[in-house]
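Asks: Numbering (the working numbering), first residue to last: 121 to 217.
Ideal Cβ positions, reconstructed from N, Cα and C, are used throughout, including at glycine.
Structure below; questions to follow.
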Amino acid sequence: FQSVTTFCQERQLAIQALPASRIYQEQDLNILHNLIQVQGAFIPMVQLIYALEQEQHLGRVVSVDFGTKRNPRSRQEELTATIYLQNIQNQPSTTTD
Numbered sequence: 121f122q123s124v125t126t127f128c129q130e131r132q133l134a135i136q137a138l139p140a141s142r143i144y145q146e147q148d149l150n151i152l153h154n155l156i157q158v159q160g161a162f163i164p165m166v167q168l169i170y171a172l173e174q175e176q177h178l179g180r181v182v183s184v185d186f187g188t189k190r191n192p193r194s195r196q197e198e199l200t201a202t203i204y205l206q207n208i209q210n211q212p213s214t215t216t217d
C-alpha cells in the first residue's frame, strides 16, 4: 500500500489506520479484507476512493464510512473516512500425484 501512502501525502490526507489484510478462506477462494482510515478534506477522500478502485485496481470498495470527531486541542471538527476494500482470489491448486 505504498501507493496509498504516496496519494495521501500528495493530497494532505493523514492516514489513521492501515492494518494488515485479513484473509478468509472459503472453498477454493481467498477473500482479502483491507481497511484504510484517513483524515482530511472530503474531496481528496473521494479522489482516494476512486483511485483505489478505478485507477489502481487495488480491490473493490465494499463500504465507506464518513464521520466527524471534535479535536479537543483545536476544538474543531475533523472529517474521517473508513474505507473497506475487498479482493477475491483463487487459491493455488495443490495437486498430488
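Considering just the uninterrupted stretch of the beta strand (DSSP E) at residue 206, what are its terminal residues?
Replies: In the sequence shown, residue 206 corresponds to position 86, counting from 1. Residue 206 -> beta strand (DSSP E) spans 197-210.
Asks: Under three-state DSSP, which class holds residue 149?
Replies: Translated into the one-based positions of the sequence shown, residue 149 becomes position 29. If DSSP states are grouped into helix, strand and coil, residue 149 belongs with the strands.
Asks: To the nearest angstrom, how far is it from the Cα of residue 195 to the Cα of residue 169?
Replies: Translated into the one-based positions of the sequence shown, residue 195 becomes position 75. Translated into the one-based positions of the sequence shown, residue 169 becomes position 49. Looking at the two C-alpha atoms, the distance is approximately 28 Å.
Asks: For residue 132, does the three-state DSSP call read helix, strand or coil?
Replies: Stepping through the sequence shown from its first residue, residue 132 is reached at position 12. It is coil, neither helix nor strand.
Asks: Please return the same chain residues whose Cβ sits closer than 7 Å to the Cβ of residue 178, not counting the five positions on each side in sequence.
Replies: As a working note, residue 178 is residue 58 in the sequence shown. So the qualifying residues of the chain are 172, 205.
Asks: Do residue 137 and residue 159 have their C-beta atoms within less than 7 Å of each other?
Replies: The residue given as residue 137 occupies position 17 in the sequence shown. The residue given as residue 159 occupies position 39 in the sequence shown. In this structure, residue 159 does not lie closer than 7 Å to residue 137 by Cβ.
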